[in-house]
Amino acid sequence: MKWNLSSEQMPQAWFNVAPHLTEPLQPPLHPATREPVGPDDLAPLFPMALIGQEMSAEPWIDIPGEVIDVLRLWRPTPLVRARRLEQALDTPARIYYKDESVSPAGSHKPNTAVPQAYYNKAEGIRRLATETGAGQWGSALSFATALFGLECMVYMVRISYEQKPYRRVMMETWGGNVVPSPIDDPDHPGSLGSAISDAVRDVVARGDSHYSLGSVLNHVLLHQTVIGLEAKEQLALAGEERPDIVIGSCGGGSNLGGITGPFVPDADVELVAVEPSSCPTLTAGRFDYDFGDTAGLTPLLQMYTLGHDFVPSSIHAGGLRYHGDSPIISNLVKTGRMRAVAYPQGKVFEAAVQFARTQGTIPAPETSHAIRAAIDEALRAKEEGVERVILFNYSGHGLLDLGAYDNYLHGKLVE
Ligand SMILES: *Cc1c(COP(=O)(O)O)cnc(C)c1O
């Protein structure tokens, strides 16, 4: 019920979705002039190698050997068939999940943190600044910078800083510095948008630092395609010709882009994004140019957005509380290649607990959005009496989210 690849079978190149889109991506615009940005505009924030990947039309991009060496600490990750969940649902569907929770930080995020730290180090940068929501991205980047000998400064959304002290301890264990954001308003619960503003201000005020983003951007989704590339190989080992449907939770779109990206050219494979109903970017946002942060310091991206000043309610899936979305994911949804659904958190935790009581592991609240959708697809297959191959991304474990489970199990979860 589990398919592993050997270390030698790790992908050697990332899969670029951009050349496979039916409508081209529109360029980011400069925040002041609203003209398309060039590489030089982005150079204060990112190394040239990542700017090149951000704009690349190459179908494949080689993964540097030093990056592969670090990813091999936990990759390739397992593909698991959720046989006991299938039995509990009494469904003819076959449910597979790609287990990204086995990384050091416990999620898919190190897949991009490692190459980002590598390319910054290679271009002479000594310090990275970033934002983090629930603390997953901050811990991934703290881990990656520790391995490459860089300093790491993390602006953490205040509500999570207060609710999730153990993520902060993880970051500090790997040598990261963590402060609650917004730094200039101690009574504000914070948002990813305002934490990004804090991190960008930090970087432009100094010469030795770059900014690092854990989701949304094209190069981040590119790095995450190792997930989908491995899953394709593993499904073949499991005797499946192809999945009928591929599902991922969507905050900024990176784990979703990572698992679905390599399936975009396969027209028979349905792609599904799952988001919280309290932050319904893809299902209720508008498709428009908007800033990536609250203060309007970042380039404008064409994407689905709830508005850059949107402050989502303090739900437990902190990693899904972002006003915007990846331009690639937005493009796929806009052109009809991908479908988006939204769930309230009670339904999500119900799925999480059903998963834990059948498959055993306790998923992150973010991941549980994908599990909810996978369960509903499996139930639909049962109703229709059809076999269906369902693949979802198990983006992370929930062992540092037990406060959220406590609230759910004891009737204290607010919708
Ligand atoms: C950050 C996170 C997400 C959401 O971020 P994406 O960029 O949309 O993938 C989902 N699951 C887990 C476990 C996360 O840490």
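Every number in the working numbering is 835 more than the matching position in the sequence shown, counting from 1.
Think of the CB as a built atom: it goes at the ideal place given N, C-alpha and C, for glycine as much as any other residue.
Exposed unless 16 or more other CB atoms sit within 10 angstroms - verdict on E1110: Translated into positions along the sequence shown, residue 1110 becomes position 275. Buried: at least 16 other Cβ atoms inside 10 Å.
Rounded straight-line distance, which links the Cα of V1035 to that of P1024: The residue labelled residue 1024 in the question sits at position 189 within the sequence shown. The residue labelled residue 1035 in the question sits at position 200 within the sequence shown. Looking at the two C-alpha atoms, the distance is approximately 19 Å.
heavy atom of ligand 1 below 6 Å from A1108 C-beta: On the sequence shown, residue 1108 is found 273 positions in, with the first residue counted as 1. Answer for A1108: no, Cβ out of range of ligand 1.
Straight-line gap, Y1240 to A1187 (C-alpha atoms, nearest Å): To locate residue 1240, count along the sequence shown from 1; it is residue 405. To locate residue 1187, count along the sequence shown from 1; it is residue 352. Their backbone Cα atoms lie some 9 Å apart in a straight line.
Same chain, Cβ closer than 8 Å to E901, neighbours up to 5 away in sequence not counted: Working through the sequence shown from its first residue, we reach residue 901 at position 66. Y953, listed in sequence order.
Short CB-CB distance (under 7 Å) between D1022 and chain E: In summary, chain E is missing from the structure at hand, where a single protein chain is found.
Closer than 6 Å: E1201 CB and nearest ligand 1 heavy atom: Here residue 1201 refers to the residue found at position 366 when the sequence shown is read from its first residue. Yes; taking the cut-off as 6 Å, the Cβ of E1201 has a heavy atom of ligand 1 nearer than that.
Closer than 6 Å: G1087 CB and nearest ligand 1 heavy atom: Residue mapping note: residue 1087 aligns to position 252 of the sequence shown, counting from 1. Under cutoff, so the answer is yes.
Nearest-angstrom beta carbon gap, Y990 and A1030 [assumed within contact, 8 Å]: Taking the first residue of the sequence shown as 1, we reach residue 1030 at position 195. Taking the first residue of the sequence shown as 1, we reach residue 990 at position 155. About 4 Å separates the CB atoms of A1030 and Y990; that is less than 8 Å, so the two are in contact.
Selection from D1079, D1103, M845 and D1128 that minimises the alpha carbon distance to G1087: Translated into positions along the sequence shown, residue 1087 becomes position 252. Residue D1128 is the option with its Cα nearest to G1087.
Residue environment, D1236, which counts as buried when at least 16 other CB atoms sit within 10 Å: To locate residue 1236, count along the sequence shown from 1; it is residue 401. Buried, since its Cβ has 16 or more Cβ neighbours within 10 Å.
Endpoints, the alpha helix (DSSP H) within which A1175 is located: Residue mapping note: residue 1175 aligns to position 340 of the sequence shown, counting from 1. Segment M1173 to Y1178 is the beta strand (DSSP E) holding A1175; no alpha helix (DSSP H) there.
Nonlocal neighbours in the same chain, by C-beta distance under 8 Å from A878, ignoring five residues either side: The residue labelled residue 878 in the question sits at position 43 within the sequence shown. These residues qualify, in order along the chain: I886.
Residues near P863 in its chain [Cβ-Cβ closer than 6 Å; skip 5 each side]: Position 28 of the sequence shown, counting from 1, holds the residue named residue 863. Closer than 6 Å at the Cβ level, and outside the excluded window around P863, lie V872, P1134 and L1136.
Which of helix, strand or coil DSSP assigns to L1139: For the purposes of this step, residue 1139 is taken as the residue at position 304 of the sequence shown. Position check: residue 1139 holds Tyr in this sequence, whereas Leu was assumed. If DSSP states are grouped into helix, strand and coil, Y1139 belongs with the strands.
Option in Q922, R910 and Y932 with minimal Cα separation from K944: In the sequence shown, residue 944 corresponds to position 109, counting from 1. When each option's Cα is compared against that of K944, the closest is R910.
Extent of the continuous alpha helix (DSSP H) run through D1037: As a working note, residue 1037 is residue 202 in the sequence shown. Note, D1037: alpha helix (DSSP H), L1027 to V1039.
Proximity of T965 and S1047 at Cβ, strictly below 7 Å: Position 130 of the sequence shown holds residue 965. Position 212 of the sequence shown holds residue 1047. In this structure, S1047 lies closer than 7 Å to T965 by Cβ.
Inter-stretch contact at 8 Å, needing at least 3 Cβ pairs: the segment 1168-1186 / the segment 1197-1212: yes
Same chain, Cβ closer than 7 Å to H855, five either side skipped, listed in chain order: Taking the sequence shown and counting its residues from 1, the one referred to as residue 855 is at position 20. Only residues of its own chain outside the window of five on either side were considered, and among them V1099 and P1100 have a CB closer than 7 Å to the CB of H855, listed in chain order.
Residues of its chain near A1209, where Cβ-Cβ distance is below 7 Å and the 5 sequence neighbours each way are ignored: Locating residue 1209 in the sequence shown gives position 374, where the first residue counts as 1. Contacts found: I930, I1082, I1225 and F1227.
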